[in-house]
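Q:
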Amino acid sequence: MSTETLRRPTAGTSARRDRRRSGSSTLGTVSRWVFVGVGLVFALVPFIWMLSASFRTERDLFGNPASLFPTEWTLHGYQGVWEQLPFLLLVFNTIVFAGVTTLLTLLFDSMCAYALARIDFRGRTIAFWLVLVTLMVPFQVTLIPVFVELFHLDWLNTYQGLIIPRATSAFGIFLFRQFFVSIPRELDEAARIDGAGHFRIYWQIILPLAKPAIATVAVLNFTALWNDLLWPLVVTSTPEMRTLPAGLALFGGQHVTDHAVLMAGAVISLLPIAIAFFLAQRYFVAGVATTGLK
Amino acid sequence: MTVLTKVREPQDGSRTGIRGERRRRRRFRLSPALLFLAPSFLILGVFVLWPILVSFWYSLHEWTIGADDQPWVGLGNYIALTQDPKFWGALLHTVEITVISVAGIVVLGLALALALARDNLGSRIIRSAFFFPTVVSLTSIGLVWRFLLDPDLGLVGAITSALGLGNVGFLQSPQLALPTIIFVNIWKNAGFVMIILIAGLKGVPAERYEAARLDGAGSWALLRYITLPALRPTMLFGTLIMTIQSFQLFDLVYVMTGGGPLFSTDTLVTMLFREGFVNFQTGYAAAISWALFLVIVIISALQLRIFRYNDVD
Chain D
1 MSTETLRRPT
11 AGTSARRDRR
21 RSGSSTLGTV
31 SRWVFVGVGL
41 VFALVPFIWM
51 LSASFRTERD
61 LFGNPASLFP
71 TEWTLHGYQG
81 VWEQLPFLLL
91 VFNTIVFAGV
101 TTLLTLLFDS
111 MCAYALARID
121 FRGRTIAFWL
131 VLVTLMVPFQ
141 VTLIPVFVEL
151 FHLDWLNTYQ
161 GLIIPRATSA
171 FGIFLFRQFF
181 VSIPRELDEA
191 ARIDGAGHFR
201 IYWQIILPLA
211 KPAIATVAVL
221 NFTALWNDLL
231 WPLVVTSTPE
241 MRTLPAGLAL
251 FGGQHVTDHA
261 VLMAGAVISL
271 LPIAIAFFLA
281 QRYFVAGVAT
291 TGLK
Chain C
1001 MTVLTKVREP
1011 QDGSRTGIRG
1021 ERRRRRRFRL
1031 SPALLFLAPS
1041 FLILGVFVLW
1051 PILVSFWYSL
1061 HEWTIGADDQ
1071 PWVGLGNYIA
1081 LTQDPKFWGA
1091 LLHTVEITVI
1101 SVAGIVVLGL
1111 ALALALARDN
1121 LGSRIIRSAF
1131 FFPTVVSLTS
1141 IGLVWRFLLD
1151 PDLGLVGAIT
1161 SALGLGNVGF
1171 LQSPQLALPT
1181 IIFVNIWKNA
1191 GFVMIILIAG
1201 LKGVPAERYE
1211 AARLDGAGSW
1221 ALLRYITLPA
1231 LRPTMLFGTL
1241 IMTIQSFQLF
1251 DLVYVMTGGG
1261 PLFSTDTLVT
1271 MLFREGFVNF
1281 QTGYAAAISW
1291 ALFLVIVIIS
1301 ALQLRIFRYN
1311 DVD
């Protein structure tokens, strides 16, 4: 939502102007807002309910399931999270897994993309094709052999096992490459005349210009890793190594579950993403929009 | 000898000089490229490309992790797969989830995009509300919905009993569990398609609307003849992304039903997880992953065709 998009006339505005002129607008407008309103209730109520349930007592939950708000507020759910789960460890593991993996991905993907976009070498087309192949093969196909590899490396249930196999993403390489290709070549040539090598060009010229691409890849990767369930579930085996989604999913799968505790855990696990979303929404939108516009 | 070599040296030297220069230039070009590529390609090679081959190799064996003897069964796993009613069930559920979800997501996403295309503060805030579920983990969403739909203490149960429908156990019924998961999948992803379609709408030149309006087109005609054709590439892309994502659905099912009741919500990936990491039927699970791959290859081929179709620029 940059100022530029604000100024540009959009399809919506012109279509609306038309409808206003034609005079048959009231019914259209009313039905549109009814649709949006109903949609909003559906979109928001689950989150409001989740937040409210995390502050309710089990008795309150069973007694008034229809109420959207707690009759008596309690922090019991949040206390339970600390007592019934190794919660600090879950948070720590998730931060390490999502954070370190994202940093490595940004570095490796941008380096790889630099070579693919900026260095003429034999086999560049093949290299780019290999990246596209890995982009198309579903992650589940490699899951079992990678599990076996980690087993033989003795990396199961370790941080390196969680992080290293995910430390590069074909999608990130692709996105960085597309961005680097659009940066004028004259910049590199000028720098080369001044005696800069590839590493200086990459680090001091290309990367500073690629901040929007970096932000987009960072946001997309971090969110995907923070939210990932299947991978941590497969790689980790002890409660101390789990990430938040894996820990919560397994906790929720137990037969006797304290619902307020479960909701409190879910609230805490989505909090960082929610904060990032409200602070940097345009990068989330840019990420999605770039996936949509190739 | 010494004379001969001395005589030869300048000739050889000059020749290797040129070759050396050429080689040096090539080496100069090759080595930084290799260094730049090395980390990503090492990881992609060890943890993606090689495992693709290995996965196929496993699928031809009755493979068990760590065992000394991995008996070769040829296509045995694939034959067993075609005779496994659970596999056909999982494939059917996956297809049902994908077809219905994608249709729902695209229709709803389009309706939201058209309703919220204007760039004012109000619609931007409302857009964020619809976009928000797409960034939240499927685990949290699955847990919340499982809880909302709980017949004893969920909001939905309270509403249905207030309406006189009784406490419906949506996730406990083999008939209702799959539609419920599809509903939640649509609920989560409609905002994603909405966002890419709004981005697509911005690409439609305003002059086209002006021109059509001068020709006397009403708002329905504008939608039918200008907006929808202009959005077609974006809609196709959204459809493909959602299709691939729905085919790989795991988290939601794992958290909400675990594939039950009575395997009524089992998908290809939950089945793969169960066979590979619960029953440790590694070879069999690899065969399932190749079945999944086959389906995705068909979709990717479609995707490539559409890509080429749109790659005019």
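Heads up: the sequence lines are chains D and C, in that order. Using the working numbering, read the first sequence as starting at 1 and increasing by one per residue. Using the working numbering, read the second sequence as starting at 1001 and increasing by one per residue. A virtual CB, placed ideally from N, CA and C, is assigned to each residue, including glycine.
Bridge partners for C:His1061 per DSSP, in chain order?
A: DSSP, once it has assigned bridges, lists C:Trp1072 as partnering C:His1061.
Q: What three-state label does DSSP hand C:Phe1036 in the structure shown?
A: Here C:Phe1036 sits in helix by DSSP.
Q: Take the Cβ of D:Ile268 as the centre, count every other Cβ of all protein chains shown within 10 Å, and call the residue buried at 16 or more, exposed below.
A: Label assigned to D:Ile268: buried.
Q: With 16 as the cutoff for other CB atoms within 10 Å, does D:Ser22 come out buried or exposed?
A: In this prediction, D:Ser22 has a pLDDT of 45, which is less than 50 and means its spatial position is unreliable; nothing more can be read from the coordinates.
Q: For C:Leu1116, does the three-state DSSP call read helix, strand or coil?
A: Three-state DSSP puts C:Leu1116 in coil, outside helix and strand.
Q: Please go through the same chain and pick out, in chain order, the residues whose beta-carbon is closer than 8 Å to the beta-carbon of C:Ser1055, but skip the five residues on each side of it.
A: Answer for C:Ser1055: Ala1286, Ser1289 and Trp1290, listed in chain order.
Q: Taking the alpha-carbon of D:Pro138 as reference, which of C:Thr1139, C:Leu1143, C:Phe1147 and C:Leu1268 has the nearest alpha-carbon?
A: It is C:Leu1268.
Q: Let me see if you follow: with CB-CB separation under 8 Å, is D:Ser22 close to chain C or not?
A: Only weak support is given to the placement of D:Ser22: the predicted model assigns it a pLDDT of 45, under 50, and the question is left unresolved by the model.
Q: Residues in its own chain within less than 7 Å of C:Trp1072 by CB, not counting five upstream and five downstream?
A: Hits under 7 Å: Leu1060 and His1061.
Q: Please report how far the alpha carbon of D:Ile163 lies from the alpha carbon of D:Thr238, in whole angstroms.
A: Cα-Cα distance, rounded: 17 Å.
Q: Whole angstroms is fine: what's the gap from D:Phe128's alpha carbon to D:Leu116's?
A: Their Cα atoms are separated by approximately 7 Å.
Q: To the nearest angstrom, report how far apart D:Glu83 and D:Ala249 are at their CA atoms.
A: Going by the C-alpha atoms only, they are around 17 Å apart.
Q: Counting only C-beta atoms, is C:Tyr1254 closer than 8 Å to chain D at any point?
A: Output row for C:Tyr1254: interface = yes.
Q: Pick helix, strand or coil for D:Glu72, following the three-state DSSP scheme.
A: It is coil, neither helix nor strand.
Q: Can you pull the chain C residues whose beta carbon is under 7 Å from the beta carbon of D:Gln254, in chain order?
A: Going along chain C, no residue has its Cβ under 7 Å from D:Gln254, so there is no contact; the nearest lies around 12 Å.
Q: Could you tell me how far apart the beta carbons of C:Gly1122 and C:Ala1190 are, in whole angstroms, since I believe they sit closer than 8 Å?
A: Contact doesn't hold; Cβ gap of about 19 Å is too wide.
Q: Does any residue of chain D have a CB that is nearer than 8 Å to the CB of C:Ala1115?
A: Yes - at least one Cβ of chain D is within 8 Å of the one on C:Ala1115.
Q: Hey, D:Thr105 and D:Asn227 are a contact pair by Cβ (cut 8 Å); roughly how many whole angstroms apart?
A: 15 Å between Cβ atoms; not a contact.
Q: Kindly say whether C:Val1135, judged by its beta-carbon, lies nearer than 8 Å to any beta-carbon of chain D.
A: It does: the Cβ of C:Val1135 has a partner Cβ on chain D nearer than 8 Å.
Q: Among D:Asp120, D:Pro165 and D:Tyr159, whose alpha-carbon lies nearest the alpha-carbon of D:Leu243?
A: Leu is not the amino acid found at residue 243 of chain D; the sequence shown has Thr there. Looking at the Cα atoms, D:Tyr159 is the closest of the given residues.
Q: Excluding sequence positions up to five away, which residues of its chain have a Cβ less than 8 Å from the Cβ of C:Asn1167?
A: Excluding sequence neighbours, C:Asn1167 sits near Pro1151, Asp1152, Gly1157, Thr1160 and Ser1161.
Q: Counting only beta-carbon atoms, is C:Ile1065 nearer than 8 Å to chain D?
A: Yes, contact with chain D.
Q: Compute the beta-carbon to beta-carbon distance between C:Ala1177 and C:Ser1264, rounded to the nearest angstrom, for a pair I have assumed lies under 8 Å.
A: Going by Cβ atoms, the distance from C:Ala1177 to C:Ser1264 rounds to 5 Å, so yes, they are a contact pair.
Q: Just the C-alpha distance for D:His76 and D:Arg56, rounded to the nearest angstrom, thanks.
A: Those two C-alpha atoms are separated by around 8 Å.
Q: Less than 8 Å separating the beta-carbons of C:Ile1141 and C:Met1242?
A: Not a contact, by the Cβ cut-off of 8 Å.
Q: Below 8 Å between beta carbons: does that hold for D:Leu270 and D:Val217?
A: No.
Q: Using a Cβ-Cβ cut-off of less than 8 Å, give me the residues of the region 1281-1292 of chain C that come near chain D, in sequence order.
A: If the cut-off is 8 Å between Cβ atoms, the region 1281-1292 of chain C has Thr1282, Ala1285, Ala1286, Ser1289, Trp1290 and Leu1292 near chain D.
Q: Closer than 7 Å between beta carbons: that is the criterion. Which residues of the region 1170-1197 of chain C meet it against chain D?
A: Answer in chain order: Trp1187, Phe1192, Ile1195 and Ile1196.
Q: If you measure from the beta carbon of D:Leu156 to each beta carbon in chain C, is any gap under 8 Å?
A: No, no contact with chain C.
Q: Less than 7 Å between C-beta atoms, sequence neighbours within five positions excluded: which residues of the same chain meet that for C:Arg1026?
A: Its pLDDT being 49, under 50, C:Arg1026 is placed unreliably in this model, and the value from its coordinates should be taken loosely. Hits under 7 Å: none found.
Q: Going by the CB atoms, is the gap between C:Val1135 and D:Ile273 shorter than 8 Å?
A: Yes, Cβ-Cβ distance for D:Ile273 and C:Val1135 is below 8 Å.
Q: Are any of the Cβ atoms in chain C nearer than 8 Å to that of D:Gln84?
A: For D:Gln84, the answer is no, since every Cβ of chain C falls outside 8 Å of its Cβ.
Q: Would you list, in chain order, the members of the region 1144-1155 of chain C that have their beta-carbon closer than 9 Å to a beta-carbon of chain D?
A: Against chain D - using a Cβ distance shorter than 9 Å - the residues of the region 1144-1155 of chain C are Val1144, Trp1145, Arg1146, Phe1147, Leu1148, Asp1150, Asp1152, Leu1153, Gly1154 and Leu1155.
Q: So with Cβ pairs under 8 Å, would you call C:Ser1128 a contact of chain D?
A: Cβ-Cβ to chain D under 8 Å: yes for C:Ser1128.
Q: What are the residues of the region 1064-1083 of chain C that lie near chain D, defined by any Cβ-Cβ distance shorter than 8 Å?
A: Listed in sequence order: Ile1065 and Gly1066.
Q: With a threshold of 16 other CB atoms inside 10 Å of the CB of C:Gln1083, please say whether the residue is buried or exposed.
A: Under this definition C:Gln1083 is an exposed residue.
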